[in-house]
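Same order as they appear, the protein sequences are chains A, B, C and D.
Final position of the first sequence in the numbering used here is 380; the numbers increase by one with none missing.
Final position of the second sequence in the numbering used here is 380; the numbers increase by one with none missing.
Final position of the third sequence in the numbering used here is 380; the numbers increase by one with none missing.
Final position of the fourth sequence in the numbering used here is 380; the numbers increase by one with none missing.
The C-beta atom is built at its ideal place from N, Cα and C for all residues, glycine as well.
There are 4 protein chains.
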Amino acid sequence: MTKLKLGMIGGGQGAFIGGVHRIASRIDDHYELVAGSLASKPDIAHASAKDLGISEDRSYSSYEEMSEKESNRDDGIDVAAIVTPNHLHYPIAEAFLKKGIHVICDKPLTHNLEDAERFYNCVKDSKALFALTHNYTGYPMVRQAREMFRSGEIGKLRVIQVEYAQDWLTLPIENEGQKQAAWRTDPSKAGMGGSIGDIGSHAFNLADFITGAKLEELCADISSFVEGRKNDDNAHVLLRYENGAKGMLWSSQVAPGNENALKIRIYGDKGGLEWEQENPNYLRVDIFGKAKKIIRRAGNETTETGTRVTRIPPGHPEGYLEGFANLYSDFAKQILALQQGVQIDESLKLVPSIDDGLKGVRFITSVVDSGLNGSKWIKF
Amino acid sequence: MTKLKLGMIGGGQGAFIGGVHRIASRIDDHYELVAGSLASKPDIAHASAKDLGISEDRSYSSYEEMSEKESNRDDGIDVAAIVTPNHLHYPIAEAFLKKGIHVICDKPLTHNLEDAERFYNCVKDSKALFALTHNYTGYPMVRQAREMFRSGEIGKLRVIQVEYAQDWLTLPIENEGQKQAAWRTDPSKAGMGGSIGDIGSHAFNLADFITGAKLEELCADISSFVEGRKNDDNAHVLLRYENGAKGMLWSSQVAPGNENALKIRIYGDKGGLEWEQENPNYLRVDIFGKAKKIIRRAGNETTETGTRVTRIPPGHPEGYLEGFANLYSDFAKQILALQQGVQIDESLKLVPSIDDGLKGVRFITSVVDSGLNGSKWIKF
Amino acid sequence: MTKLKLGMIGGGQGAFIGGVHRIASRIDDHYELVAGSLASKPDIAHASAKDLGISEDRSYSSYEEMSEKESNRDDGIDVAAIVTPNHLHYPIAEAFLKKGIHVICDKPLTHNLEDAERFYNCVKDSKALFALTHNYTGYPMVRQAREMFRSGEIGKLRVIQVEYAQDWLTLPIENEGQKQAAWRTDPSKAGMGGSIGDIGSHAFNLADFITGAKLEELCADISSFVEGRKNDDNAHVLLRYENGAKGMLWSSQVAPGNENALKIRIYGDKGGLEWEQENPNYLRVDIFGKAKKIIRRAGNETTETGTRVTRIPPGHPEGYLEGFANLYSDFAKQILALQQGVQIDESLKLVPSIDDGLKGVRFITSVVDSGLNGSKWIKF
Amino acid sequence: MTKLKLGMIGGGQGAFIGGVHRIASRIDDHYELVAGSLASKPDIAHASAKDLGISEDRSYSSYEEMSEKESNRDDGIDVAAIVTPNHLHYPIAEAFLKKGIHVICDKPLTHNLEDAERFYNCVKDSKALFALTHNYTGYPMVRQAREMFRSGEIGKLRVIQVEYAQDWLTLPIENEGQKQAAWRTDPSKAGMGGSIGDIGSHAFNLADFITGAKLEELCADISSFVEGRKNDDNAHVLLRYENGAKGMLWSSQVAPGNENALKIRIYGDKGGLEWEQENPNYLRVDIFGKAKKIIRRAGNETTETGTRVTRIPPGHPEGYLEGFANLYSDFAKQILALQQGVQIDESLKLVPSIDDGLKGVRFITSVVDSGLNGSKWIKF
């Protein structure tokens with residue numbers, strides 16, 4: 001199979017998510033990393049490029065230079081992966097999209113709603129494709145949950161309980177030189193959402209991905225438990241969906257004992273579904289009146305939707321990187337279809353899109369808006 | 001040991017919780033059931049009494065008669081257990097308390113706040129003792145959680161996540177002759193709280209029991225998903241405790257796959273605690289920076305607080321009935337101390353009191369009040 | 001319902017299992033404890049009797065006296081519960097059975113095979129009824145497992161994996177005055193089996209109870225890891241059942257982290273069943289080609305066999321004492337049927353019998369025999 | 001970093017484990033697949049090579065041709081990965097090792113002991129490096145378990161319980177055209193071990209890897225439950241280690257509900273360790289007298305041994321492929337060190353070696369030998 005040529009912006013030495021993107025791009029062998037503007041400081045950028053086997057002439061000091069030069073090369077990159085802090089997502093994406101280079105971007109889309117809307121228009125105006133790495137949607141059992149929910153297996157939606165809890169910001173480590181903590185708690189880089197932006201947005205997206213239920217109103221109580229922290233490190237949100245369905249969302253980065261405890265439970269008038277990110281190979285299904293069922297990735301009672309995006313037999317666990325890789329691989333197939341002039345298969349379109357990105361920023365903004373205004377109810 | 005003479009009001013044929021109280025009273029052999037007014041219909045009352053080995057002359061047709069006659073007997077009952085629907089708790093308790101007969105009463109205290117306040121005064125005015133069966137406080141690991149929290153093990157309180165989910169009201173079974181469902185969904189008997197009154201009150205009490213944190217404000221979104229149901233069958237509540245601590249409470253009786261899924265997680269600035277009623281012999285403890293610990297009932301790293309109220313070695317599970325029995329047994333010891341004129345040991349006072357009962361009704365009332373008034377924030 | 005009059009032999013101050021039997025006898029209110037010979041030392045016996053509310057004249061200094069006098073009373077005991085160390089089971093039981101008094105006896109039946117055979121004949125010759133407290137058979141989900149297995153749900157038996165692990169004998173506490181440890185590691189009281197007698201016999205019985213498969217041969221490797229310990233504290237046993245089925249049994253009292261970890265897994269050519277004593281309210285069922293199912297006590301997909309012996313709804317856990325109580329209560333119903341001259345219902349006959357007791361001692365003896373003879377294969 | 005040039009033998013269309021090796025080689029970007037002899041049928045070999053982007057001139061029809069030509073190229077492969085059925089491992093490895101090409105080979109080493117011994121000598125005689133993919137040793141928490149055991153944390157070894165259960169051979173699918181099942185149940189290709197060779201060897205290796213305890217004797221009972229199946233599909237093995245330690249090993253491919261249920265429990269006189277492959281990010285640790293601890297991959301109380309071979313933070317699960325990749329990556333680092341003339345770090349030598357391979361085949365052979373000879377005890 002043809003490999004796509006990948007460039008990366010951000011993700012140099014000391015960064016976290018860039019490395020994840022690179023592994024995700026390699027797992028199914030659809031990409032080759034050939035160019036990068038890996039850090040804002042040129043020396044770090046070039047050293048990082050060298051580590052990664054990017055040739056010197058394709059290690060750039062700025063994304064502007066990179067988009068310019070790569071788009072002029074015959075063997076220029078097909079795709080740009082953006083893995084910088086949030087506030088840089090939009091200007092970088094714009095530069096590449098305008099050159100017709102496909103973009104895969106980390107979440108949340110942007111650090112504010114204004115940029116998100118511009119971003120949205122920019123994608124809509126471009127012929128290039130766009131993907132947002134709300135990576136939890138790549139887990140096979142999440143995709144099966146979506147299929148089961150949408151096929152009516154648990155009936156009409158009543159209640160969504162979703163949460164994402166971590167503990168790494170329990171102490172004020174942003175003041176102690178922890179680079180990840182520093183930018184993620186800095187409103188000018190991360191945006192106004194703290195925990196709600198960093199992880200609450202994943203929780204919201206997960207509920208949205210599975211159910212597709214339209215959120216109508218929300219009421220949020222947000223806290224900054226660590227003294228001096230500007231953004232929330234804990235958010236409690238009540239959700240009202242269309243048709244009377246209700247939800248609860250909790251995001252926290254100060255809940256000791258929680259590492260990446262993203263969990264969702266969805267209840268309808270016929271049954272319930274439960275899934276947990278830390279143990280992602282299992283989907284718990286309760287049909288009202290029946291014994292609880294545990295469906296295992298690639299195992300009995302799984303369907304094509306989920307099994308298409310697994311690599312190994314049931315009982316051999318796949319994890320975070322494989323789920324992330326599913327987004328990269330499906331996006332590669334989208335691009336290849338486009339390049340080959342064939343229609344993009346519907347199944348590939350589960351990859352989160354610019355619509356999801358805009359919705360996510362709107363969610364973050366609304367939560368903060370409610371939270372800062374007496375936790376009042378806000379239309380979504 | 002002297003056995004206390006127990007009378008029961010309610011709990012006849014077809015009832016549920018009365019049987020639980022009876023087993024709870026027998027497990028540690030501190031009570032002998034000798035009298036009862038077991039049902040509102042005399043024939044059922046008497047037939048029930050016969051089943052239970054209560055002699056004919058102590059099977060009464062009304063609680064008024066029972067309180068009158070039992071208080072006049074030399075061998076009259078020491079304690080009256082009230083296990084009727086909620087709206088009858090207060091008048092019955094009043095009758096016995098006024099005769100100086102100790103009362104142990106099912107929860108919630110009453111079906112409305114007015115009665116709850118009267119009840120409160122009545123208990124305070126009586127020399128007789130009172131206990132409320134918020135039975136989950138009887139679980140050894142809940143008591144150990146309380147002790148650990150209060151000793152500062154997890155630091156200053158930040159977040160409480162508590163929930164109680166069931167599924168038995170997923171369908172409108174109250175219209176199909178299910179007796180339990182009928183009264184529990186009937187506001188005139190259960191009070192204005194549906195799920196929030198029946199089980200949400202347990203969740204609130206559990207958080208209160210462990211932490212003692214003062215609730216200051218709440219905001220509730222309540223739903224009746226089953227058509228025609230008058231009370232809520234699902235409630236989502238945001239909680240604000242003193243000193244900036246926050247909480248979330250969910251009660252639901254329409255969440256398929258949940259049987260009696262009472263769960264609590266408490267986070268402080270040093271650690272977290274987790275406990276689940278369906279697997280009650282385990283307490284999960286996370287001290288920030290340390291591996292997760294699982295403390296097992298009566299096992300390693302348990303303390304006197306919890307082990308005093310267990311009967312068998314670790315690994316042999318105790319359950320709901322034993323937890324319930326702990327309330328009965330501690331209450332018996334309170335009464336015996338009083339009868340013997342010795343001081344009641346502090347450890348025995350963990351049994352929920354009239355203060356807890358009044359607080360519980362106020363909680364239910366506030367949730368319904370917020371829920372029916374646009375889910376606004378309400379001072380507690 | 002008429003209560004049976006119960007006497008107890010053993011179970012005085014400082015004993016363990018006697019207290020369990022007493023609670024088990026009370027839970028469903030079928031028994032009244034009225035007599036006892038609770039300890040070998042008269043002063044302890046009488047002090048214990050007083051604690052338990054047994055009147056002075058029915059506190060006996062010896063079981064001989066007790067059987068004699070109780071059988072001569074009009075209101076003499078219906079049932080004798082034997083909760084002494086193993087070597088006393090037979091002579092005591094014989095004394096009561098010969099007087100026509102029903103006997104419920106702790107396991108294993110005896111400390112040697114000779115006594116077990118005599119015991120067997122004695123029961124067969126008596127008109128009185130006999131029950132052996134292999135209590136794990138009283139758990140509702142164990143009974144449902146038995147029913148499911150025997151109805152062919154998992155097909156023809158292939159493999160049984162059963163184990164019972166504890167850790168309380170990890171150190172030589174028998175030398176440090178721990179009374180339970182002292183007699184349970186003393187061959188003259190416990191018999192030749194250490195862990196295999198105390199708990200391995202439960203594991204064997206559990207497999208036998210559920211499957212009824214006939215054991216044909218075994219090969220055992222037994223160890224005494226603690227220096228100076230005379231009996232095994234760890235036993236590994238290979239099992240060959242009729243029709244080519246195979247099994248593995250592990251008993252250990254030196255496995256740190258295990259409290260009462262009795263677990264069984266049974267596989268047939270159509271499916272598998274799994275059950276764990278420490279979490280007894282759940283039965284895991286795998287039908288080949290289907291998702292895993294978790295059947296919950298008293299919940300969906302349970303049957304009369306299991307639900308008949310539960311007291312409370314699903315999700316409110318029952319534990320060890322309730323399972324134990326099921327044996328007491330079923331045995332009471334057997335006796336009442338006999339007293340009333342009606343046929344004993346088949347469902348009540350799940351209570352372990354003298355046949356199970358003899359088989360159990362034969363199993364212990366065979367394991368020790370193999371273990372002490374080069375771990376050779378032995379016909380059963 | 002320099003990438004190693006990788007060639008693969010076996011692993012063409014329709015194969016399973018080859019794909020796993022390829023992903024494992026890519027995850028950390030230490031290898032580039034440039035040559036292959038991917039199938040015994042040339043057309044399948046070449047089509048497979050094309051799929052994988054191997055250039056035509058480096059797709060070979062036989063391993064002999066491949067070893068010859070690749071060793072003559074300036075840019076010839078550094079490493080040959082052997083992923084064929086077991087009976088071909090040795091001749092292929094020999095061809096490459098003799099040319100000085102490093103070899104990474106799937107397990108078990110060979111299909112018989114004779115070849116295993118030749119293989120052993122061949123590796124010892126070669127300057128090239130060798131690695132065997134007993135991949136479960138690559139899991140971070142397995143490596144931490146090894147470190148903890150060897151540092152004496154659980155004391156002197158007493159008992160090992162290890163098992164590997166699957167269910168995919170419950171029915172005779174080898175007769176129905178399932179290619180994997182066909183060769184894995186064919187003694188001429190898989191060797192004399194069925195389940196014991198395919199997965200029991202992993203279980204044995206895991207116990208060996210963690211404890212290093214010397215096996216002295218074994219006694220095995222092996223079965224072929226599926227009619228007509230030549231090799232065992234279930235094996236029960238008793239183990240005697242040096243210094244009186246004992247063990248039990250169970251392998252089964254006919255245990256419905258088990259997917260890849262590799263589990264190990266190790267007990268010493270001070271504590272116990274538990275690990276399960278299906279949930280590999282957790283290590284359960286019991287220090288006698290302490291609460292149970294759960295150590296999570298990359299989380300609190302982990303050490304360099306385990307964290308060195310993880311890529312992402314705790315709570316984001318890594319799985320089978322990442323564990324497998326750890327072997328590939330450590331082997332790459334071994335080779336690079338050799339190429340650069342620097343000493344190979346001790347930590348890299350955890351990768352299973354030819355010694356492990358030979359020991360594994362000896363284990364399989366001994367089990368079958370015992371099993372076919374009346375399940376007698378055999379010196380190891």
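With three or more C-beta pairs closer than 8 Å as the rule, is the segment 170-187 of chain D touching the segment 202-215 of chain D?
Flag = no, the segment 202-215 of chain D and the segment 170-187 of chain D do not touch.
Below 8 Å between beta carbons: does that hold for A:M141 and A:V368?
no
Test: A:Q161 CB closer than 8 Å to a CB of chain B:
yes
Paired residues, beta bridge with A:N279 - DSSP
DSSP lists no partner for A:N279.
Which one or two residues does DSSP pair with D:H102 in a beta bridge?
In the DSSP output, where bridge partners are listed per residue, D:H102 has D:V79.
What's the gap between the Cα of A:G76 and the Cα of A:L6?
Taking the straight line from one Cα to the other gives about 9 Å.
Using the Cα positions of B:L239 and A:F16, report the straight-line distance between them to the nearest angstrom.
35 Å
Buried/exposed call for C:L97, threshold 16 Cβ in 10 Å
buried
Output, in chain order, the set of chain A residues within a Cβ distance shorter than 8 Å of B:G299.
Correct list: empty, because the minimum Cβ distance to chain A is about 19 Å.
Nearest candidate by alpha-carbon position, reference B:I264, set B:L109, B:A24, B:G319 and B:A145:
B:A145
By how many angstroms is the C-alpha of A:T303 removed from the C-alpha of C:Y164?
38 Å
Mind pulling the chain A residues with CB within less than 9 Å of C:I295?
Neighbours of C:I295 on chain A, chain order: A291 and K292.
With a cut-off of 8 Å, do at least 3 Cβ pairs link the segment 283-298 of chain C to the segment 284-295 of chain A?
yes
Residue range of the alpha helix (DSSP H) that includes B:H21
I17 to I27
Short check: CB of D:D57 to CB of D:N205, under 8 Å?
no
Taking the DSSP output, what are the residues bridged to B:S59?
B:G36
What residues in the segment 247-277 of chain D bring their beta carbon closer than 9 Å to a beta carbon of chain C?
G247, M248, W250, S252, V254, A255, P256, G257, N258, R265, Y267, G268, D269, K270, G271, G272, L273 and E274
Do D:E147 and D:Q307 come within 8 Å of each other at the CB atom, strictly closer than that value?
Gln is not the amino acid found at residue 307 of chain D; the sequence shown has Thr there. Against a cut-off of 8 Å, the Cβ pair of D:E147 and D:T307 comes out as no contact.
Hey, out of A:A80, A:P280 and A:S347, whose CA is closest to A:E32's CA?
A:A80
Step through the CB atoms of chain A and report whether any lies within less than 8 Å of the CB of D:I27.
yes
Could you pull the start and end residues of the beta strand (DSSP E) that D:R362 belongs to?
Counting along the chain, D:R362 falls outside any beta strand (DSSP E), though it belongs to the alpha helix (DSSP H) covering I354 to L372.
Taking a contact to mean a Cβ-Cβ separation below 8 Å, would you say C:S195 touches C:A235 in this structure?
yes
B:Y267 beta carbon less than 8 Å from that of A:V254
yes
Rounded C-alpha distance that separates D:A261 from C:D269
18 Å
So which residues on chain C does B:L206 lean against when the C-beta distance must stay under 8 Å?
Simply none; closest approach about 15 Å.
Among the candidates B:L109, B:E68 and B:T170, whose CA atom is the shortest distance from the CA of B:R229?
B:T170
Where D:S55 and A:V103 are concerned, what is the direct C-alpha to C-alpha distance, given to the nearest angstrom?
30 Å
CB contact check: C:R284 to chain B, cutoff 8 Å:
no
Could you check where the beta strand (DSSP E) with C:N234 kicks off and where it finishes?
Residues N234 to Y241.
In the DSSP assignment, what are the bridge partners of B:A285?
Note on identity: in this sequence residue 285 of chain B is Val, with Ala being the wrong assignment. Bridge partners of B:V285: B:L273 and B:K293.
Start and end residues, alpha helix (DSSP H) containing C:H142:
It is Val, not His, that sits at residue 142 of chain C in the sequence shown. Element bounds for C:V142: P140 to R150.
Flag D:N234 as yes if its beta-carbon sits less than 8 Å from any beta-carbon of chain C, otherwise no.
Closer than 8 Å to the CB of D:N234 there is at least one CB belonging to chain C.
Can you pull the chain B neighbours of C:G19, defined as C-beta to C-beta under 8 Å?
Here the neighbours are R311.
For a contact meaning CB atoms closer than 8 Å, what does B:Y320 contact in chain C?
I312, H316, P317 and E318
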